[in-house]
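Visitor:
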Amino acid sequence: MMETARSFRTVARLTLPCAFGMVPLGIAFGVLVVQSGLAWWWAPAFGGLIYAGSLEFLLLAAATAATPVSPAAVAVTTLLVNGRHVFYCLTFPLHRVAGPLARAYGMFALIDEAYALTSVPPGRDLSGPQLIAMQILLQTYWVGGGVLGATVGGAVAAHLPDLSWVLTGLFAVLATEAVRALRSARVPLYALGCALVAWLVAPGQFLLVAMGLFVAGTVGAAAYGERAAVRDA
Amino acid sequence: MPEPARVAAVIAVAAPITFALRALPFTIASRLREARVAQVVGRLLPAGLMTILLVYLLCPPSHTVPADWIAQLAATAVTVALQTWRRSTLLSIAAGTTVFLLLH
Chain A
0 MMETARSFRT VARLTLPCAF GMVPLGIAFG VLVVQSGLAW WWAPAFGGLI YAGSLEFLLL
60 AAATAATPVS PAAVAVTTLL VNGRHVFYCL TFPLHRVAGP LARAYGMFAL IDEAYALTSV
120 PPGRDLSGPQ LIAMQILLQT YWVGGGVLGA TVGGAVAAHL PDLSWVLTGL FAVLATEAVR
180 ALRSARVPLY ALGCALVAWL VAPGQFLLVA MGLFVAGTVG AAAYGERAAV RDA
Chain B
0 MPEPARVAAV IAVAAPITFA LRALPFTIAS RLREARVAQV VGRLLPAGLM TILLVYLLCP
60 PSHTVPADWI AQLAATAVTV ALQTWRRSTL LSIAAGTTVF LLLH
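Protein chains in written order, with numbering that gives the first Met the number 0: chain A, 0 to 232; chain B, 0 to 103.
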């Protein structure tokens, strides 16, 4: 029992920076839901069923726009905005999660923050139950913020300091740790190059293009290295 | 007043696609994990993807300069420096947030 409490505290501490970023963002989403003329419970409906921050903002705008948006446009937008998630399976330790329901949830709730926290130590070494607890906490921050924003609304938002930067800070920390783990400047420099190309050539699809270029480049380099190793052997 | 049916239809399209994008790659991930190339890529991926996500947050692809851009950059620089030096996530983020709130 003590053990369980301690391991949950570890998870809660790990997700704390995410709470500071995700709760205010969730509140902003909830406020927007009621401002768009929807009932408050649409905020948890979006966060509970789709659960993809930036996409939810886009879809809320699409769903409440004066001119209806076609289902095909919604599908393409979803594919493009969330396409980057296909890469997360390469490092997310889903194999530690047991049971079909828990595994399904682990995949459903694999947002950027969940991927990022589990990519570098100490989050990389979480057990299966800890992984799921971490993901449930993250979704609680987002959906809870949404409910708060949609019900108590502007009254709460007005008294909060602007914490929008915290999420950037979290990714800055995680990027620093990931680069440190590699002990090489080549990978982040190559990633910066990919980002620059995507930023110039395809700003509308920045994340997908930058990540696609990065993955293609590393796969190519790794495959070439593998061939060279076989040839030299 | 937006029609609830339209909102429900949007969710009904977006939710399964989002889940599929996250779940389907895992059906080949177990086989991928055994491949040497995938192991190399998996090791390099976090540093690369995290760098790209950070650029995305700091330099919006909309090509507009945010009003609090200087505050964001300064806060990020402080956070990266502190994290490199002390390696305490909460300390780094708290210091960065303080810088952000003071400057913006």
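Yeah, the Cβ is synthetic: ideal placement off N, Cα and C, and Gly gets one too.
Buried or exposed for I49 (chain A), please, with buried defined as at least 16 other CB atoms from any protein chain shown within 10 angstroms of its CB.
Guide: Result: buried.
Visitor: Would you check if there are 3 or more beta carbon pairs closer than 8 Å linking the segment 112-131 of chain A to the segment 8-24 of chain B?
Guide: Segments in contact, no.
Visitor: Taking CB distances under 8 Å as the criterion, tell me whether L20 (chain B) reaches chain A.
Guide: It does: the Cβ of L20 (chain B) has a partner Cβ on chain A nearer than 8 Å.
Visitor: Could you compute how far the alpha carbon of D111 (chain A) sits from the alpha carbon of E2 (chain B)?
Guide: Spanning the two alpha carbons is a distance of roughly 31 Å.
Visitor: Give a yes or no on whether the minimum CB-CB distance between G98 (chain A) and chain B is below 8 Å.
Guide: Not an interface residue.
Visitor: Which residues of chain A have a Cβ atom closer than 8 Å to the Cβ of V64 (chain B), listed in chain order?
Guide: Neighbours of V64 (chain B) on chain A: none; closest Cβ ~13 Å, over 8 Å.
Visitor: Please report whether the beta-carbon of I69 (chain B) lies at a distance below 8 Å from any beta-carbon of chain A.
Guide: Chain A contact via Cβ: absent.
Visitor: Residues in the segment 2-28 of chain B with C-beta within 7 Å of chain A's C-beta atoms, listed in sequence order?
Guide: If the cut-off is 7 Å between Cβ atoms, the segment 2-28 of chain B has R5, V6, A8, V9, I10, V12, A13, A14, I16, T17, F18, L20, R21, A22, P24, F25 and A28 near chain A.
Visitor: Can you list the alpha helix (DSSP H) stretches of 4 or more residues lying completely in the segment 14-84 of chain A, in chain order?
Guide: Counting only runs of 4 or more, we get 41-48, 52-63 and 70-81.
Visitor: Run through DSSP, which three-state label would F91 (chain A) get?
Guide: DSSP places F91 (chain A) in coil when its eight states are reduced to three.
Visitor: Within 8 Å of any Cβ in chain B, is that where the Cβ of Y189 (chain A) sits?
Guide: It does; some Cβ of chain B falls within 8 Å.
Visitor: Starting from V98 (chain B), follow the alpha helix (DSSP H) in both directions and report where the run begins and ends.
Guide: T88 to L102 is the span of the alpha helix (DSSP H), which, as asked, contains V98 (chain B).
Visitor: Count the other C-beta atoms from every protein chain shown that fall within 10 angstroms of the C-beta of A209 (chain A), then say buried if there are 16 or more, exposed otherwise.
Guide: Its Cβ being crowded by 16 or more others within 10 Å, A209 (chain A) is buried.
Visitor: What span of residues does the alpha helix (DSSP H) with I16 (chain B) cover, start to end?
Guide: Looking at the DSSP string, the run of the alpha helix (DSSP H) that includes I16 (chain B) is P3 to E33.
Visitor: Straight-line CA distance for F205 (chain A) to C58 (chain B)?
Guide: Their Cα atoms are separated by approximately 11 Å.
Visitor: Could you check whether the segment 41-50 of chain B touches the segment 212-226 of chain A, counting it as contact only if at least three pairs of C-beta atoms, one from each stretch, sit closer than 8 Å?
Guide: Yes, the segment 41-50 of chain B touches the segment 212-226 of chain A.
Visitor: One question on the structure: do A74 (chain A) and V68 (chain A) come within less than 8 Å of each other, judged by their Cβ atoms?
Guide: No, these two residues do not count as a Cβ contact at 8 Å.
Visitor: Is there a C-beta anywhere in chain A that falls below 8 Å from the one on A73 (chain B)?
Guide: With 8 Å as the cut-off, A73 (chain B) does not count as an interface residue toward chain A.
Visitor: I'd like to know if M210 (chain A) contacts chain B, where contact means its C-beta is closer than 8 Å to some C-beta of that chain.
Guide: Cβ-Cβ to chain B under 8 Å: yes for M210 (chain A).
Visitor: Using CA atoms only, rank isn't needed, just tell me which of A:F91, A:A65 and A:L24 is closest to T235 (chain A).
Guide: Any property of residue 235 (chain A) remains undetermined from this structure, which presents chain A solely from 0 to 232.
Visitor: In three-state DSSP terms, what is L206 (chain A)?
Guide: Three-state result, L206 (chain A): helix.
Visitor: Skipping 5 residues on each side, what residues in its chain have a beta carbon closer than 8 Å to that of V200 (chain A)?
Guide: The answer, listed in chain order, is V208.
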